[in-house]
Amino acid sequence: MLSKTGYAAEDIKDFNKRVSPLKDKFFRFKQLFIEDKLRTKDKIYESHQFHTSLINALGYDGNHPQYSNLFHLSENEVIPVRHILHRGDKVHLMIMEMQALIKEDDTDPDGLFEQRYNVEDETQNNPPQKYHRTQWDRVFQVSAHLKISPVVINKAISELFLFEPQLRPKYILLLAGNIVYLLEQEKWFRGSYLVFDLEELFTEATANRNANYYALLYFLLSKESLTPECNMVLLDQLDEDSHKSAYEVTKDLKEGIIHAVEALANEALYFQKNVLQEVFDETDDTFEQEIKDDCLNIIYRLLFVFYAESREDLDILPSNDPIYNKGYSLEMLRDLEQVPLYSETSLNGYFFHESLSKLFEVLSSGYREKENGQNKSFKVRHIDSPLFNNAKLHHLHKVKFRNKVWQDIICRLSLSKQQRNRTRGRISYANLGINQLGSVYESLLAYRGFYAEQDYIEVHKADSPNEGTYLVPRIRRDDFQENEILKDSAEHDLITKKGTFVYRLSGRDRQKSASYYTPEVLTRCTVKYTLKPILEKLDAGEMKATELLELKLLEPAMGAAAFHNEMINQLAEAYLTYRQKELNKRVAPDLFKEELQKVKAYIATNNTYGVDLNPTAIELGKLSLWLNVIHKDMETPFFSNRLAVGNAVVGAWLKVYKEKDIA
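Residues in the sequence shown are numbered consecutively from 2, following my numbering.
If you want it as structure tokens, here you go:
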């Protein structure tokens, strides 16, 4: 990270020197805090004094102004903000304070989600002294005709982040004595933020004097980094790098899905021939297409469960229930992804298959969803979707997959690609956005699955195997140079044997099907300027916010619903913003995300239409839309009447019916 700052090694030493004096000040402050048995009011004041030293060391002017203008949410509601910093004419950073999180006994202090600036009802005769606003009198004072609202600190932060764009901050630096929080507007509502433990920092910096920990703190939290005059904010650069990393993750995931489809299809052929002893022509085009569709259906099930289990807040699956986790969950199988399988039973048994089949059955039919008794076992609402309906499978409903196959597939979908001298990272489905999943989905639309009727090799652009490979018959090997043929680690040709299922981008399939995923930056920009005239009418009072819910969205070549999802996101946010203004009411900060999802779900299920030539695209689009708008207690959406396979280029007939014909 330090390399991103542009400073030389000597300069970084200077930044270490700026921050290192804080160590002695901190431990004096902590000793005073614990040993002097201070009143709450005095603890707050001493914390405030230490905070001044901290932000001065980070390049801010901690002395002036302090709480010069309390932030007004309304005429009589304020939030105590210590400093407000701008970039241009927009609020960019706010610095706030809360009571220190220093542990004084065996009880943990109240944290970010428990502390408050004031009691809810000031008319009580005996207010709890710890959280009465008079405790802050030595730091800031609030006039009697004003009230602090919201009083709970995390709700106050949410309220600030939901304020109108010109006045809401991008970042909030929240000081809590030994702990510093760095909060970013978008990530806050995803439940993500940075926490800095100063005591841990000082301890580690003392033990590792050459590690530049002090400089690291400076570059993450300083005025120079968070509110530069002209340069890009360092955290924005790091965020951009994380998007590049997300691209690498999606690339690994796409390769994992391709491998999984091939593994399932080959195992299906093995099981049907060797166990069921069925005789059929696997090179039949219809059979190949049905097998491919079945395999993709199973993979989509896995991706859905990965996502659902990682998002406990959606309450689709009881991910926090120990019985579910140990007996039913996909996470339980992920824990076995790298366990060596040695015996015949462990390799060729069906533990993985039976576990997954039971999980899919529970999702399809539900478990105890209508019971209201005293039974404390978990519940699962059934998902009324073709995705989990085995009757929709052509062949795989009667196939059992061996442990070694499932373990390999789950490993490929759980871990990043194996690289030399690097450990494999776990793919976090909770942090994988809909756009990343969409790019994975849509990249598969032009792929074709077939059982090889002869031996194949893979070829690529000279010395560029990472730019894509193509299958060609092995008998054409002499037509290519050695540096154009894909090799294994032993420098032998990678050969796809006759009868093996192959799932690959074939020739001009992508160009012929026009299967290209639109990057998020383009969808966001296109939708923004499409909506601009409509939002201008709202600003001018020529439209009502409720009229946004009447707009119909049509994508005539929808693919995996990239434009649909972006339009839904921006429309839903615009609706809530303008509707709150019209009603002069604000959605409670802790409910905002849930309400936003409900609006998105309404738009998706009532106003969204799409057409695509590719049937796989339609199914992917349905799944992508579902994951984007899903919220707690949401029924499975039905998109089939609005998303359909068809050719939008041909157009639709104009037909006129007489009233008597349809009366």
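Idealized CB from N, CA, C, for every residue including glycine.
Quick one: using the 10 Å Cβ neighbour count with 16 as the cut-off for buried, is residue i buried or exposed?
i      : result
TYR530 : exposed
CYS296 : buried
VAL646 : exposed
ALA463 : exposed
ASP106 : exposed
PRO319 : buried
SER667 : In the structure as shown, the chain starts at 2 and stops at 664, and residue 667 therefore has no counterpart that could be examined.
TYR457 : buried
SER386 : buried
HIS84  : buried
ALA101 : buried
TYR658 : exposed
LYS245 : At LYS245 the pLDDT is 47, less than 50, meaning the model places this residue with poor confidence; the figure from the coordinates comes in the next sentence. Exposed, by the Cβ-count rule.
VAL651 : exposed
ASN126 : Reliability fails at ASN126, whose pLDDT of 49 lies under 50, so the model's placement of it is uncertain and the value that follows must be treated cautiously. So ASN126 counts as exposed.
VAL441 : buried
What is the DSSP secondary structure of residue i, counted as helix, strand or coil?
i      : result
LYS148 : strand
ILE718 : The requested residue 718 does not occur in the structure, where the chain is confined to residues 2 to 664.
VAL657 : coil
MET333 : helix
TYR368 : strand
ARG29  : helix
LEU102 : coil
VAL522 : helix
THR497 : strand
MET97  : strand
THR108 : coil
GLY622 : helix
PRO616 : helix
ILE45  : helix
TYR610 : strand
PHE676 : An answer regarding residue 676 cannot be provided, because it is not within the stretch 2 to 664 covered by the chain.
VAL600 : helix
GLY178 : coil
PHE197 : strand
VAL140 : coil
LYS245 : Low confidence applies here, because LYS245 scores a pLDDT of 47, under 50, leaving its location unreliable; read the following figure in that light. Three-state result, LYS245: helix.
VAL400 : coil
SER226 : helix
THR578 : helix
Starting from the C-beta of residue i, find all residues in its chain whose C-beta is less than 6 Å away, skip the five residues before and the five after it, and write them out in chain order.
i      : result
ILE663 : none
VAL528 : GLU567, MET568 and GLN571
VAL665 : An answer regarding residue 665 cannot be provided, because it is not within the stretch 2 to 664 covered by the chain.
GLN273 : GLU279
SER159 : PRO590
ALA515 : Only weak support exists for where ALA515 lies, its pLDDT of 49 falling under 50; the coordinates are left without a value.
Does residue i have its Cβ less than 8 Å from a Cβ in chain D?
i      : result
ARG427 : Absent from the structure is chain D; it holds one protein chain and no more.
If we call anything under 8 Å between Cβ atoms a contact, is residue i one with residue j?
i      : j      : result
PRO590 : LYS156 : yes
GLU459 : TYR471 : yes
PHE502 : LEU270 : yes
ASP613 : GLY560 : yes
ASN594 : ASP316 : Before going further, note that residue 594 is Lys rather than Asn in the sequence given. Going by C-beta atoms, LYS594 is not nearer than 8 Å to ASP316.
LYS666 : ARG369 : Any answer about residue 666 is impossible in this case: the structure gives the chain only from 2 up to 664.
ARG88  : THR228 : yes
PRO170 : VAL79  : no
GLU345 : LEU331 : no
Below 8 Å on the Cβ atoms is my guess for residue i versus residue j; work out the distance and round it to an integer in Å.
i      : j      : result
LEU532 : TYR610 : That pair is no contact at about 17 Å.
ARG505 : HIS260 : ARG505 to HIS260, Cβ: 11 Å. No contact.
LEU265 : PHE402 : 7 Å
LEU176 : HIS52  : 4 Å
ASP224 : TYR325 : Correcting the residue identity first, residue 224 is Lys in this sequence and not Asp. Between TYR325 and LYS224 the Cβ distance is about 48 Å, and since that is not below 8 Å, they are no contact.
LEU592 : ALA575 : Wrong, their Cβ atoms sit about 18 Å apart, outside the cutoff.
What residues in its chain sit with their C-beta under 8 Å from that of residue i, if we drop five residues either side in the sequence?
i      : result
LYS405 : LEU342, LEU348 and ASN349
LEU523 : none
ASP198 : ASN179 and ILE180
PHE669 : The shown model of the chain, from 2 to 664, leaves out residue 669, and the question about it has no answer.
THR637 : ILE384, ASP385, SER386 and TRP627
So, for residue i: in the same chain, excluding its five sequence neighbours on each side, which residues have a beta-carbon less than 7 Å away from its beta-carbon?
i      : result
LEU202 : TYR214 and LEU218
TYR248 : With a pLDDT of 49 at TYR248, under the threshold of 50, the predicted position of this residue should be treated as unreliable, though the coordinate-derived value follows. Nothing meets the Cβ criterion.
ALA573 : LEU597, VAL600, LYS601 and ILE604
LEU113 : ILE154, ASN155 and TYR182
SER415 : ARG335, GLU338, ARG427 and ILE428
ARG302 : PHE361, LEU388 and PHE389
THR41  : GLN130, LYS131 and GLN136
ASP409 : ALA264
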